[in-house]
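17 is the number that full-length UniProt numbering gives to position 17 of the sequence shown; each next residue is one higher, with no gaps.
We put the beta carbon where it would ideally sit given N, CA and C, even for glycine.
Following: one structure in structure tokens, then a few remarks.
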Amino acid sequence: MTTYNLIIADDHKMFIDGLMSILNDAPEFNVILTAKNGAQVVKYLDINGAADIHLLITDLTMPEVDGIELNNIVKERFTSLKTLVVSMHIDGTMIDTLIRNNVDGYVPKNAEKEELLEAIRSIVKGEKYFSSEIKKAYTDAMFASKKEKEISLTNREKEVLKLIAEEYTTQEIADELFLSKHTIESYRKNLISKLNVKNLAGLTKHAIKIGLLDD
Numbered sequence: 001m002t003t004y005n006l007i008i009a010d011d012h013k014m015f016i017d018g019l020m021s022i023l024n025d026a027p028e029f030n031v032i033l034t035a036k037n038g039a040q041v042v043k044y045l046d047i048n049g050a051a052d053i054h055l056l057i058t059d060l061t062m063p064e065v066d067g068i069e070l071n072n073i074v075k076e077r078f079t080s081l082k083t084l085v086v087s088m089h090i091d092g093t094m095i096d097t098l099i100r101n102n103v104d105g106y107v108p109k110n111a112e113k114e115e116l117l118e119a120i121r122s123i124v125k126g127e128k129y130f131s132s133e134i135k136k137a138y139t140d141a142m143f144a145s146k147k148e149k150e151i152s153l154t155n156r157e158k159e160v161l162k163l164i165a166e167e168y169t170t171q172e173i174a175d176e177l178f179l180s181k182h183t184i185e186s187y188r189k190n191l192i193s194k195l196n197v198k199n200l201a202g203l204t205k206h207a208i209k210i211g212l213l214d215d
């Protein structure tokens, strides 16, 4: 039977103890190091190398060196070592960052024992593994990002939006831009539709988001 050597990095002892208990029922896995943060892992790898280590299981939020930075270091300096993130944080942008930096898998901390073992076994055999919950968060984030990029405003629309956010009335905006009140009302309706918001408060939030109110 092939034995796979693992490292676990997590600053919560209860999680490490729970994972060790799960792995005790899987004799093909041998945990050679448990660490409280990424810095301890990097120090170990710098001294011992990663040639005999098959998988690093890491949390994301840890002191000194977090899971994202740890994954980056491993992928740059110890390219043979696989990485699996096990975290409570399910954020699409964070997942995208990890995928861009070649993480091998990601499962939430509330995953069932069977799925966690499936993820570990898949990755040590050279496959990628992302739980369905992680895949959904990632695709939702990418769709939202794509949709955001597709929304483009003309310079005039930006001018109207900025004045709306600064609480100008329709008549005041018309006077400021030398346009008719009817034209400004049309701009306002188009902006609400284009940005998919419900009211002027939503327009104001978008103006802040894209920096129109910055000094």
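- With a cutoff of 8 Å on beta-carbon distance, residue 105 and residue 70 are scored as not near each other.
- For residue 194, the enclosing alpha helix (DSSP H) covers residues 181-194.
- With fewer than 16 other Cβ atoms inside 10 Å of its own Cβ, residue 110 counts as exposed.
- Looking at 153, 17, 63 and 79, the one whose alpha-carbon comes closest to that of residue 56 is 79.
- Annotation: residue 3 to residue 63 spans about 30 Å, alpha carbon to alpha carbon.
- Distance check between residue 72 and each of 18, 97 and 132 places 97 closest, using alpha-carbon atoms only.
- Counting only runs of 4 or more residues that sit fully inside the region 25-107, the alpha helix (DSSP H) segments are 38-48, 67-77 and 92-100, in chain order.
- Residue 8 is not a Cβ neighbour of residue 53, given a cutoff of 8 Å.
- Beta-bridge annotation (DSSP): residue 9 is paired with 35 and 58.
- For residue 87 against residue 59, the beta-carbon gap comes to about 6 Å, under 8 Å, which counts as contact.
- Assigned with DSSP and collapsed to three states, residue 130 falls in strand.
- Between residue 90 and residue 133, the gap from beta carbon to beta carbon is short of 8 Å.
- Taking C-beta atoms as the reference points, residue 138 and residue 95 count as a pair closer than 8 Å.
- DSSP places residue 161 in the uninterrupted alpha helix (DSSP H) bounded by 155-165.
- Secondary structure note for residue 201: its alpha helix (DSSP H) is the uninterrupted segment 200-209.
- Looking at the DSSP output, residue 4 bridges to 29.
- Relative to the Cα of residue 118, the nearest Cα in the group 184, 22, 1 and 14 belongs to 22.
- Taking C-beta atoms as the reference points, residue 204 and residue 184 fail to come closer than 8 Å.
- Per DSSP, residue 114 is one residue of the alpha helix (DSSP H) stretching across 113-124.
- In the structure shown, the three-state DSSP call for residue 21 is helix.
- Taking C-alpha positions only, residue 125 is separated from residue 115 by approximately 15 Å.
- Closest option to residue 209, judged by alpha-carbon separation, among 179, 135 and 161: 161.
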